[in-house]
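Single-structure report; data block below.
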Amino acid sequence: MQEYGVSISYFRAPFLVDVDVMQGKRIVKLDDIAGNGNAWRMADVLVFNTGHWWGHEGSLRGWDLIQSGGKYYQDMDRLVAMEKGLRTWANWVDSNVDITRTRVFFQSASPDHYNPNEWSAAATATTAKNCYGETEPMKGTTYTSAYADQMGVVNEVIREMHVPTYLMDITMLSELRKDGHPSIYRGDFSPSQRANPQKSADCSHWCLPGLPDTWNELFYTFQKLKQHVDDNNRRQVLALYGNSGNFNHPWYIVDNLGWHVAEWSLGVVSREMDSQGGPA
Numbered sequence: 004m005q006e007y008g009v010s011i012s013y014f015r016a017p018f019l020v021d022v023d024v025m026q027g028k029r030i031v032k033l034d035d036i037a038g039n040g041n042a043w044r045m046a047d048v049l050v051f052n053t054g055h056w057w058g059h060e061g062s063l064r065g066w067d068l069i070q071s072g073g074k075y076y077q078d079m080d081r082l083v084a085m086e087k088g089l090r091t092w093a094n095w096v097d098s099n100v101d102i103t104r105t106r107v108f109f110q111s112a113s114p115d116h117y118n119p120n121e122w123s124a125a126a127t128a129t130t131a132k133n134c135y136g137e138t139e140p141m142k143g144t145t146y147t148s149a150y151a152d153q154m155g156v157v158n159e160v161i162r163e164m165h166v167p168t169y170l171m172d173i174t175m176l177s178e179l180r181k182d183g184h185p186s187i188y189r190g191d192f193s194p195s196q197r198a199n200p201q202k203s204a205d206c207s208h209w210c211l212p213g214l215p216d217t218w219n220e221l222f223y224t225f226q227k228l229k230q231h232v233d234d235n236n237r238r239q240v241l242a243l244y245g246n247s248g249n250f251n252h253p254w255y256i257v258d259n260l261g262w263h264v265a266e267w268s269l270g271v272v273s274r275e276m277d278s279q280g281g282p283a
């Protein structure tokens, strides 16, 4: 984007921490992030994310061994592993990010929709096994998330960080969009894959144009809102930080100082408060 003087880079690090290959084995190093961190040092805006890969099993699992505390493990409790990795990432941010230059965001988990029991009480009486054939979003704002435990870990780690780190909670609004996946309509699917939706449907990635555009709009809105807040020396105060695992709330961005920074209803900034808690 030379006309705007902006460079946008995608750095693939599904666990945030380093993954090394030794004697043909992939090793997730929960205590080491130096290699990945070298790619992040000079950025003006950093947007981090991790989630899906901590739960993969079988051939989809992204490691052969886990290294932690100088020991090697075939596996461990995935939430424990994720928390260890996140704390290594948080320590790197606190030690290496210049807050006068760089703004740090963490985007919450993007959900998949492979289990109809999560959104339909009648699913057990049907042959549905995934998002194939879903054409409408779920209704309401209450949903039992498969990522509630992960969100609890993310909330706790970010709350304890020293560098201002803004959590973009896109999980709830994305949970409702069981209709937003490419399903069997991915461009790289073969005719045989398309003929077998129960096995092949992609219910993890998202269609474009589609839901990720909403994430980007929220991110852009926050950038503008944050500039307005900085210019006017205001702090957005909507509610105390917390609610980990509780999805009975609007969609929001929070910072790790303990306050919501922005709150949305259907993707629109709904209200703003000054540092005294009154309307802005």
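Adding 3 to a residue's 1-based position in the sequence shown gives its number in the numbering used here. Backbone N, C-alpha and C fix where the C-beta goes; we use that ideal spot for every residue, glycine too.
The C-alpha of H59 is placed about 20 Å away from the C-alpha of N120. E137 places its beta carbon less than 7 Å from that of D182. Burial is judged here by how many other beta carbons sit within 10 angstroms of a residue's own beta carbon; A16 has at least 16 and is buried.
With contacts defined by Cβ atoms closer than 7 Å, Y169 and F222 do not form a contacting pair. Look at Q226 here: in three-state DSSP terms it is helix.
The region 193-201 makes no contact with the region 61-78, as fewer than three CB pairs between them are under 8 Å. Between the region 32-45 and the region 79-93 there are three or more inter-stretch CB-CB distances shorter than 8 Å, so the stretches are counted as touching. At a cut-off of 4 residues, the continuous stretches assigned as alpha helix (DSSP H) that sit fully inside the region 36-116 are 37-40 and 81-99. The region 48-65 and the region 95-111 touch, with no fewer than 3 CB-CB distances between them shorter than 8 Å.
When secondary structure is reduced to three states using DSSP, K181 falls in the coil class, being assigned neither helix nor strand. At a cut-off of 3 residues, the continuous stretches assigned as beta strand (DSSP E) that sit fully inside the region 157-207 are 168-171. Leaving aside the five residues that flank D23 on each side, the residues in its chain whose CB is nearer than 7 Å to its CB run, in chain order, I30 and K32. For D216, the secondary structure class from DSSP, reduced to helix, strand or coil, is helix.
Around the CB of V9, fewer than 16 other CB atoms lie within 10 Å, so the residue is classed as exposed. A straight line joining the alpha-carbon of R162 with that of P215 spans about 26 Å.
For the pair D21 and N41, the CB atoms are not nearer than the 7 Å cut-off.
Secondary structure at M25: strand, using DSSP grouped into helix, strand and coil.
Excluding its 5 nearest sequence neighbours in each direction, I102 has C-beta neighbours in its own chain below 8 Å: V166 and P167, listed in chain order. The shortest C-alpha to C-alpha distance from P140 to any of W122, W66, V157 and P185 is the one to W122. Rounded to whole angstroms, the separation of the alpha carbons of I173 and T224 is 14 Å.
One thing to note: S177 has its Cβ within 7 Å of the Cβ of P114. A straight line joining the alpha-carbon of K227 with that of W92 spans about 27 Å. In this structure Q70 is buried. Its beta-carbon is surrounded by 16 or more other beta-carbon atoms within 10 angstroms. Note on geometry: alpha-carbon atoms of N118 and L68 lie some 28 Å from one another. The alpha carbon of G190 has as its nearest neighbour, out of V100, W209 and A46, the alpha carbon of W209. Excluding the 5 residues flanking it on each side, D205 has same chain C-beta neighbours closer than 7 Å at H184, P185, S186 and R189, in chain order. Classified as buried, M154 has 16 or more neighbouring CB atoms from the shown chains inside 10 Å of its CB. Put simply, the backbone Cα of M171 is about 11 Å away from that of N158.
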